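Visitor:
There are 2 protein chains.
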Amino acid sequence: MGEFDLIARYFHRPAVHAALGGGDDCALLQPAPGMQLAISTDMLVEGRHFLSTVDPARLGHKALAVNLSDLAACGARPLAFTLALSLPQVDTAWLEGFSRGMLALADAHGCELVGGDTTRGPLNICITVFGEVPRGQALLRSGARPGDDLWVSGSLGDARLALEVFRGTLSVPAGVFDAARLRMELPTPRVALGAALRGIATAAIDVSDGLLGDVGHVLAASNAGARIDATAAVALMSAPPGDPSDGADAERRLGFVLAGGDDYELAFTAPPGARDAVAGAAEQAGVRATRIGQIEAAPGIRLTDADGRPVVQRHASFDHFA
Amino acid sequence: MGEFDLIARYFHRPAVHAALGGGDDCALLQPAPGMQLAISTDMLVEGRHFLSTVDPARLGHKALAVNLSDLAACGARPLAFTLALSLPQVDTAWLEGFSRGMLALADAHGCELVGGDTTRGPLNICITVFGEVPRGQALLRSGARPGDDLWVSGSLGDARLALEVFRGTLSVPAGVFDAARLRMELPTPRVALGAALRGIATAAIDVSDGLLGDVGHVLAASNAGARIDATAAVALMSAPPGDPSDGADAERRLGFVLAGGDDYELAFTAPPGARDAVAGAAEQAGVRATRIGQIEAAPGIRLTDADGRPVVQRHASFDHFA
Numbered sequence: 001m002g003e004f005d006l007i008a009r010y011f012h013r014p015a016v017h018a019a020l021g022g023g024d025d026c027a028l029l030q031p032a033p034g035m036q037l038a039i040s041t042d043m044l045v046e047g048r049h050f051l052s053t054v055d056p057a058r059l060g061h062k063a064l065a066v067n068l069s070d071l072a073a074c075g076a077r078p079l080a081f082t083l084a085l086s087l088p089q090v091d092t093a094w095l096e097g098f099s100r101g102m103l104a105l106a107d108a109h110g111c112e113l114v115g116g117d118t119t120r121g122p123l124n125i126c127i128t129v130f131g132e133v134p135r136g137q138a139l140l141r142s143g144a145r146p147g148d149d150l151w152v153s154g155s156l157g158d159a160r161l162a163l164e165v166f167r168g169t170l171s172v173p174a175g176v177f178d179a180a181r182l183r184m185e186l187p188t189p190r191v192a193l194g195a196a197l198r199g200i201a202t203a204a205i206d207v208s209d210g211l212l213g214d215v216g217h218v219l220a221a222s223n224a225g226a227r228i229d230a231t232a233a234v235a236l237m238s239a240p241p242g243d244p245s246d247g248a249d250a251e252r253r254l255g256f257v258l259a260g261g262d263d264y265e266l267a268f269t270a271p272p273g274a275r276d277a278v279a280g281a282a283e284q285a286g287v288r289a290t291r292i293g294q295i296e297a298a299p300g301i302r303l304t305d306a307d308g309r310p311v312v313q314r315h316a317s318f319d320h321f322a
Numbered sequence: 001m002g003e004f005d006l007i008a009r010y011f012h013r014p015a016v017h018a019a020l021g022g023g024d025d026c027a028l029l030q031p032a033p034g035m036q037l038a039i040s041t042d043m044l045v046e047g048r049h050f051l052s053t054v055d056p057a058r059l060g061h062k063a064l065a066v067n068l069s070d071l072a073a074c075g076a077r078p079l080a081f082t083l084a085l086s087l088p089q090v091d092t093a094w095l096e097g098f099s100r101g102m103l104a105l106a107d108a109h110g111c112e113l114v115g116g117d118t119t120r121g122p123l124n125i126c127i128t129v130f131g132e133v134p135r136g137q138a139l140l141r142s143g144a145r146p147g148d149d150l151w152v153s154g155s156l157g158d159a160r161l162a163l164e165v166f167r168g169t170l171s172v173p174a175g176v177f178d179a180a181r182l183r184m185e186l187p188t189p190r191v192a193l194g195a196a197l198r199g200i201a202t203a204a205i206d207v208s209d210g211l212l213g214d215v216g217h218v219l220a221a222s223n224a225g226a227r228i229d230a231t232a233a234v235a236l237m238s239a240p241p242g243d244p245s246d247g248a249d250a251e252r253r254l255g256f257v258l259a260g261g262d263d264y265e266l267a268f269t270a271p272p273g274a275r276d277a278v279a280g281a282a283e284q285a286g287v288r289a290t291r292i293g294q295i296e297a298a299p300g301i302r303l304t305d306a307d308g309r310p311v312v313q314r315h316a317s318f319d320h321f322a
């Protein structure tokens with residue numbers, strides 16, 4: 001199968017919203033009047049962002065999901081995406097699964113595949129995603145203010161737990177692993193929540209590299225610091241704890257929550273007066289939102305226990321080149 | 001050096017035109033009223049799109065140039081681009097050269113780097129480029145009509161000649177190789193010509209995989225065929241012929257021109273009544289435009305010699321999966 005046949009067979013869809021879809025030198029998009037175009041790009045590499053054994057349909061889902069998560073963090077509505085794909089060989093079963101998983105998520109969000117590129121080479125998936133957001137209303141990292149609450153959507157740490165089971169550093173009951181594996185392989189981008197938080201949240205980011213590191217980006221952009229309640233944070237993990245008397249287990253869970261990575265939840269800030277509005281937005285979006293701390297003027301992140309006592313922080317964020 | 005330091009050091013630029021540049025979850029673009037956004041993405045893989053020994057500054061130039069060439073083919077003015085980069089290691093000399101070459105070309109076209117992604121992995125460069133074009137004025141592949149002239153900008157075949165010298169299948173005088181190597185490593189995207197052809201050309205494409213294949217895409221989209229004068233086409237090669245009595249040399253040159261690949265010239269069609277307008281657009285853009293054939297109603301491409309006699313066609317286009 002040649003390059004053009006491959007594209008036509010697995011990836012070509014007629015343009016619905018786009019002025020011009022795939023098949024020309026460029027795709028054409030026409031943002032609605034008053035709208036800004038939000039753009040994000042993510043590259044996924046085998047062995048680093050996904051295991052070679054992953055179900056291709058789940059990989060297709062995840063490759064688009066991590067991009068939609070960036071749109072969610074800006075409060076943008078997904079419009080379209082491009083896909084560049086480097087493949088070691090033409091594996092039709094893999095392509096069928098990959099495109100099916102990806103396009104199912106795309107359809108669920110009304111996000112059209114409008115163009116792309118395919119080549120032979122080590123497996124690499126690069127998606128660039130486009131969304132629209134009313135001018136001036138995008139959620140940015142720079143708007144957090146001292147006194148704001150710090151919130152997190154959904155659950156944290158489970159994807160990392162699944163990864164550690166795959167790596168063999170940990171074993172958990174099969175049911176716990178299956179649920180955590182779903183979180184790792186089929187993350188849910190919080191698109192509806194991001195859109196619902198426009199005008200409510202003062203800052204937002206998607207948690208992809210780990211909570212501490214990603215909240216750190218918000219704080220750096222906002223010239224602020226934060227206090228995080230470690231007890232509230234660790235309660236965000238869906239997987240149940242092991243032996244309650246096992247201190248190493250509790251320590252590991254805190255690490256997964258604070259610096260696990262691959263969560264694709266939203267961390268966001270909002271004034272205390274907006275607590276009902278945040279709860280309403282979360283309910284409307286069908287996802288839990290949990291208050292885990294507060295923005296403070298002093299730089300840095302201070303972890304406390306439930307009684308407000310400092311907790312020693314030993315967890316760094318995931319950095320691809322650290 | 002960590003991922004974020006790397007981005008800040010080599011790739012961060014303040015946003016000039018973009019509503020929001022790199023450093024948040026998304027970049028924000030605000031196309032001017034009446035404008036459509038043209039989008040294209042290209043992925044470059046070591047060993048397939050470039051040699052591992054290439055000067056990193058030239059590679060940075062080329063990685064962006066092949067994307068700008070797609071905008072040129074649509075008649076779009078470059079606005080911005082995103083860069084996703086997978087690197088086997090952090091090589092500061094390589095990054096310095098690569099970013100310098102890329103950003104120099106970007107600056108020359110007023111095209112801002114607004115976002116990106118970096119990861120560790122086999123070397124892979126994925127750029128997505130954004131341009132603007134007045135609504136309804138983009139040059140498409142589908143507008144060629146029987147009777148239209150077929151034009152090509154600049155020169156063809158020289159990049160392939162240089163590649164064959166690198167491959168060791170051919171040897172040429174040093175001066176000929178140096179010039180051809182520049183065409184291969186530092187292609188010039190025909191952005192000004194593409195914009196000048198709006199309202200003049202009926203269809204356009206950039207010649208990246210080889211003339212016959214790329215003109216074939218125009219013909220397929222336009223439901224038409226073409227006659228190409230092989231003599232006029234072969235004269236598009238800048239490198240001088242070798243021994244005129246060497247039939248294999250002439251045959252090889254024709255192959256390089258018809259199916260060499262990596263040319264990044266524009267092939268376009270326009271009615272015969274627009275010849276002066278095409279010449280004016282080319283002069284304004286500072287590049288040669290050569291008439292090499294005509295669009296015909298019958299499907300397929302017919303090669304003729306200068307006297308209109310059929311020439312046997314044995315040249316396929318470059319296909320990454322053929």
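Listed in order, the protein sequences are those of chains A and B.
Following my numbering from start to finish, the first sequence increments by one per residue and tops out at 322.
Following my numbering from start to finish, the second sequence increments by one per residue and tops out at 322.
Here a beta-carbon is modelled for each residue, glycine too, at the ideal position from N, C-alpha and C.
Every value quoted in this text rests on a predicted model; they were computed, and no experiment measured them.
Check distances from the C-beta atoms of the stretch 197-216 of chain B to those of chain A and list, in chain order, the residues that come in under 8 Å.
Guide: The stretch 197-216 of chain B vs chain A, Cβ under 8 Å: Ala-204, Ile-205 and Asp-206.
Visitor: Should A/Ala-76 be labelled buried (16 or more other beta-carbon atoms within 10 Å of its own) or exposed?
Guide: A/Ala-76 comes out buried.
Visitor: Answer yes or no: does any C-beta atom of chain B fall closer than 9 Å to that of A/Ala-80?
Guide: Closer than 9 Å: yes.
Visitor: Spell out whether any CB of chain A is found under 9 Å from the CB atom of B/Ile-39.
Guide: True, the Cβ-Cβ gap to chain A drops below 9 Å.
Visitor: Taking the alpha-carbon positions, what's the B/Ser-153 to B/Leu-254 distance?
Guide: Taking the straight line from one Cα to the other gives about 17 Å.
Visitor: Contact check, A/Asp-263 vs A/Leu-156 under 8 Å by CB: the rounded distance?
Guide: Yes, they are in contact, since the Cβ atoms of A/Asp-263 and A/Leu-156 sit about 5 Å apart, within 8 Å.
Visitor: Counting only Cβ-Cβ distances shorter than 9 Å, please list the residues of the stretch 77-104 of chain A near chain B, keeping chain order.
Guide: The residues in question are Ala-80, Thr-82, Leu-83, Ala-84, Leu-85, Ser-86, Leu-87, Gln-89 and Val-90.
Visitor: Are the stretch 219-226 of chain A and the stretch 112-132 of chain A touching by the rule of at least three beta carbon pairs closer than 8 Å?
Guide: No, the stretch 219-226 of chain A is not in contact with the stretch 112-132 of chain A.
Visitor: Tell me the rounded alpha-carbon separation between B/Phe-318 and B/Asp-209.
Guide: Note that B/Phe-318 scores a pLDDT of 46, beneath 50, so its modelled location is shaky; the value from the coordinates is reported in the next line. Distance between the alpha carbons of B/Phe-318 and B/Asp-209 is about 5 Å.
Visitor: Leaving out five residues on either side along the sequence, give the residues of the same chain with a beta carbon under 8 Å from the beta carbon of A/Phe-186.
Guide: As written in the sequence, residue 186 of chain A is Leu, which differs from the Phe given in the question. Excluding positions up to five away in sequence, the list reads Arg-58, His-61, Lys-62 and Ala-65.
Visitor: To the nearest angstrom, how far is the alpha carbon of B/Ser-99 from that of B/Tyr-10?
Guide: Those two C-alpha atoms are separated by around 6 Å.
Visitor: May I ask you to list the residues that DSSP assigns as paired with B/Val-133?
Guide: B/Val-133 is bridged to B/Gln-36.
Visitor: Please confirm whether any heavy atom of the ligand SAM lies closer than 8 Å to the CB of A/Pro-241.
Guide: Here there are no bound small molecules, and the ligand SAM is not part of this structure.
Visitor: With DSSP as the reference, label B/Phe-11 as helix, strand or coil.
Guide: B/Phe-11: coil per DSSP, three-state reduction.
Visitor: Contact between the stretch 295-313 of chain A and the stretch 165-174 of chain A: three or more CB pairs below 8 Å?
Guide: No, they do not touch.
Visitor: Taking the beta strand (DSSP E) that A/Thr-304 belongs to, which residues open and close that run?
Guide: Start and end: 300-304.
Visitor: Select from A/Ala-192, A/Val-191, A/Ala-195 and A/Arg-160 the residue whose C-alpha is nearest the C-alpha of A/Asp-178.
Guide: Closest option to A/Asp-178, Cα to Cα, is A/Arg-160.
Visitor: Mapping DSSP to helix, strand and coil, what is A/Gly-147?
Guide: Coil, per DSSP.
Visitor: Identify, in the order they occur along the chain, each residue of the same chain with its Cβ nearer than 6 Å to the Cβ of B/Arg-198, setting aside the five sequence neighbours on each side.
Guide: The answer, listed in chain order, is Gly-75 and Gln-137.
Visitor: Strictly by DSSP, which residues pair up with A/Arg-227?
Guide: Partner(s): A/Gln-294 and A/Arg-302.
Visitor: Does the beta-carbon distance from A/Val-129 to A/Pro-88 come in below 9 Å?
Guide: Not closer than 9 Å, so no.
Visitor: Could you confirm whether any beta carbon from chain A is found closer than 9 Å to the beta carbon of B/Asn-223?
Guide: No, no contact with chain A.
Visitor: Classify A/Arg-48 as helix, strand or coil using the three-state DSSP reduction.
Guide: Three-state result, A/Arg-48: coil.
Visitor: Quick one: is B/Asp-263 near chain A, going by C-beta distance under 9 Å?
Guide: No, because no Cβ of chain A sits closer than 9 Å to the Cβ of B/Asp-263.
Visitor: Using CA atoms only, rank isn't needed, just tell me which of B/Val-215, B/Leu-28 and B/Ala-297 is closest to B/Arg-324.
Guide: With chain B represented from 1 up to 322, any question about residue 324 of chain B goes unanswered, as that position is not in the structure.
Visitor: Name, in chain order, the residues that DSSP records as bridge partners for A/Pro-310.
Guide: DSSP lists A/Thr-304 as partners of A/Pro-310.
Visitor: Does chain B have any CB closer than 9 Å to the CB of A/Gly-47?
Guide: Taking Cβ atoms only, chain B reaches closer than 9 Å to A/Gly-47, which makes this a yes.
Visitor: Once DSSP output is grouped into helix, strand and coil, what is the label at A/Asp-117?
Guide: Correct three-state label for A/Asp-117: strand.
Visitor: Between the Cα of A/Pro-134 and the Cα atoms of A/Phe-256, A/Leu-71, A/Gln-284 and A/Ala-232, which residue gives the shortest distance?
Guide: Here the closest residue by C-alpha is A/Leu-71.
Visitor: Residue range of the beta strand (DSSP E) that B/Leu-219 falls in?
Guide: Not the beta strand (DSSP E): B/Leu-219 falls in the alpha helix (DSSP H), residues 211-222.
Visitor: Look up A/Cys-26 in the DSSP assignment and say whether it is helix, strand or coil.
Guide: Coil, per DSSP.
Visitor: Considering B/Pro-241, what are the terminal residues of the beta strand (DSSP E) in which it resides?
Guide: B/Pro-241 -> no beta strand (DSSP E), and no H or E assigned at all.
Visitor: Which residues mark the beginning and the end of the alpha helix (DSSP H) in which B/Pro-187 is found?
Guide: Run containing B/Pro-187: none; DSSP gives neither H nor E here.
Visitor: Taking the C-alpha atoms as reference points, what is the distance between A/Thr-118 and A/Ile-39?
Guide: So the two alpha carbons sit approximately 21 Å from each other.
Visitor: Quick one: residues in its chain with C-beta nearer than 7 Å to the C-beta of A/Asn-67, no 5 flanking neighbours on either side, listed in chain order?
Guide: If we look at A/Asn-67 and ignore the five residues flanking it on each side, its Cβ neighbours are Ser-40, Asp-42, Phe-81, Ile-127 and Val-129.
Visitor: Using the beta-carbon of each residue, which ones in chain B are nearer than 7 Å to A/Thr-128?
Guide: Near A/Thr-128 (Cβ distances below 7 Å), the residues of chain B are Thr-41, Thr-82 and Thr-128.
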